[in-house]
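With UniProt numbering, the residue at position 183 of the sequence shown is 183, and numbering never jumps.
What follows is a set of notes on a single structure, which appears directly below.
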Amino acid sequence: MCEEVVSIDLGSNSFRVLKYDCKNHKIVAEYNQVVGTADGLVDTGLISQEAQQRVIKALKKSIEVVDYKPSCAVAVTTAAMRKASNNQEVLKNFEEQTGVKFTIIDGNEEARLTLLSVKYALKREKIDSSNFILLDIGGGSTEIIVNTNNEYKANSFDFGIVTMTQEFLKYDDLHNDLKNRKIQVKKYLDSLNVNLKDYTFVATAGTPTTIAAVKLGQDFFSYDRQTVNGTIVNLKDLEDCLSIFDTCSKEEITKLVGSGRVEFIQVGIYIYRAIFEVLGKNESIVLDDGLREGVALNACLKSKV
1 MCEEVVSIDL GSNSFRVLKY DCKNHKIVAE YNQVVGTADG LVDTGLISQE AQQRVIKALK
61 KSIEVVDYKP SCAVAVTTAA MRKASNNQEV LKNFEEQTGV KFTIIDGNEE ARLTLLSVKY
121 ALKREKIDSS NFILLDIGGG STEIIVNTNN EYKANSFDFG IVTMTQEFLK YDDLHNDLKN
181 RKIQVKKYLD SLNVNLKDYT FVATAGTPTT IAAVKLGQDF FSYDRQTVNG TIVNLKDLED
241 CLSIFDTCSK EEITKLVGSG RVEFIQVGIY IYRAIFEVLG KNESIVLDDG LREGVALNAC
301 LKSKV
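Here it is, written out as structure tokens:
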């Protein structure tokens, strides 16, 4: 099998690269950058030229920092690219400019790969990984996966922190839409006929990890994924974060969450809180592991002889 793989996850807002040691199951190197892929997408239906240039710049920087051969990277992209009418033109541009070839994956594949990484992470953290509900809040979509032992049901919902922020500029409009989204999520969960009380609530992606980091006294510059992994976040932690963001300056919030995330973090918390309410849960386990780790693990498994 390949001893090292490089995985790339290009989301609606974030760009994440990972070099992974398949043999020892360790991260060798990583690179993260906010690129705002979906900026303006709601209004135009297009990935803008400005966003494309930010992604290309981030790709070139990641090749330098992580030290990988572009043509060998396993690169995936998700909701923003699924929605963009110019996606093929954009991906061709990325390949021509950097040598990295992206695959657009659908919501089901995104859920499968994220689940793969989370299952591994739960075992690594010595947390029961049999029955759990996984929430993955993305920039352009939100995935909910119900895992029962070795089987799972997944659904990709057409809302995320970037698209909701861009679409609903007024507070009341946002919260009215969230009410409808809660009905939509509840209908899906009811159709599965499972007892939610028997399932642990697990959350991944930027919003849950940011809340966990703030709870632990970390900011964007002191973020430590090892201590964030397995952190319990409850509804009070969400309210505490909302209070902090309401009273802090933009500069202070940027220090906590990083540039490019300030305008989205509160909407992310509202989505997270809405899912808490639908599930009737008071707390969730937070994991940093997500899609890029799943892509890497999947590539490792495929390369086994």
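We put the beta carbon where it would ideally sit given N, CA and C, even for glycine.
Whether residue i touches residue j by CB criterion (8 Å)
| i | j | result |
| --- | --- | --- |
| leucine 18 | glutamate 293 | yes |
| valine 228 | leucine 216 | yes |
| valine 76 | arginine 54 | no |
| valine 131 | threonine 148 | With the sequence shown as reference, residue 131 is identified as asparagine, and valine is not the correct amino acid for it. Cβ atoms of asparagine 131 and threonine 148: closer than 8 Å. |
| phenylalanine 102 | leucine 10 | yes |
| residue 309 | leucine 91 | Not covered by the structure: residue 309. The range shown for the chain is 1 to 305. |
| valine 262 | lysine 250 | yes |
| threonine 78 | glycine 140 | yes |
| leucine 135 | isoleucine 275 | yes |
| glycine 107 | glutamate 143 | yes |
| phenylalanine 94 | leucine 59 | yes |
| valine 118 | aspartate 289 | yes |
| residue 316 | isoleucine 133 | In the structure as shown, the chain begins at 1 and stops at 305. Residue 316 is therefore absent and cannot be evaluated. |
| alanine 111 | valine 66 | no |
| threonine 200 | isoleucine 285 | yes |
| threonine 98 | proline 70 | yes |
| valine 185 | phenylalanine 264 | no |
| valine 100 | serine 7 | no |
| tyrosine 270 | leucine 174 | yes |
| isoleucine 47 | asparagine 13 | no |
| glutamate 64 | glycine 230 | no |
Residue i classed as buried or exposed, judged by whether at least 16 other C-beta atoms fall within 10 angstroms
| i | result |
| --- | --- |
| phenylalanine 221 | exposed |
| tyrosine 171 | exposed |
| leucine 116 | buried |
| glutamine 266 | buried |
| methionine 1 | Residue placement at methionine 1 cannot be trusted, given a pLDDT of 48 that sits under 50; the coordinates are not used to answer. |
| isoleucine 211 | buried |
| threonine 114 | buried |
| glycine 160 | buried |
| isoleucine 183 | exposed |
| asparagine 298 | buried |
| glutamate 50 | exposed |
| aspartate 198 | exposed |
| glutamine 88 | exposed |
| glycine 45 | exposed |
| aspartate 43 | exposed |
For residue i: DSSP bridge partner residues
| i | result |
| --- | --- |
| serine 7 | Leu18 and Val74 |
| aspartate 224 | Bridge partners of aspartate 224: none, in fact. |
| tyrosine 152 | Asn147 |
| valine 34 | Ser14 |
| asparagine 131 | Thr148 |
| aspartate 136 | Glu143 and Thr204 |
Simplified DSSP assignment, three categories, for residue i
| i | result |
| --- | --- |
| alanine 29 | strand |
| tyrosine 120 | helix |
| valine 305 | Low confidence applies here, because valine 305 scores a pLDDT of 44, under 50, leaving its location unreliable; read the following figure in that light. Note: valine 305 maps to coil in three-state DSSP. |
| isoleucine 161 | helix |
| isoleucine 105 | coil |
| tyrosine 171 | helix |
| residue 317 | The first residue shown for the chain is 1 and the last is 305, placing residue 317 beyond what the model contains. |
| isoleucine 47 | coil |
| lysine 69 | coil |
| valine 295 | helix |
| serine 62 | helix |
| alanine 111 | helix |
| valine 100 | coil |
| alanine 84 | coil |
| aspartate 177 | helix |
| lysine 23 | coil |
| cysteine 300 | helix |
Ordered list of beta strand (DSSP E) runs contained in the stretch 259-290, each at least 3 residues: Counting only runs of 3 or more, we get 283-287.
Entirely enclosed alpha helix (DSSP H) segments - the stretch 185-259, minimum 4 residues: Correct list: 206-215, 225-228, 235-247 and 250-257.
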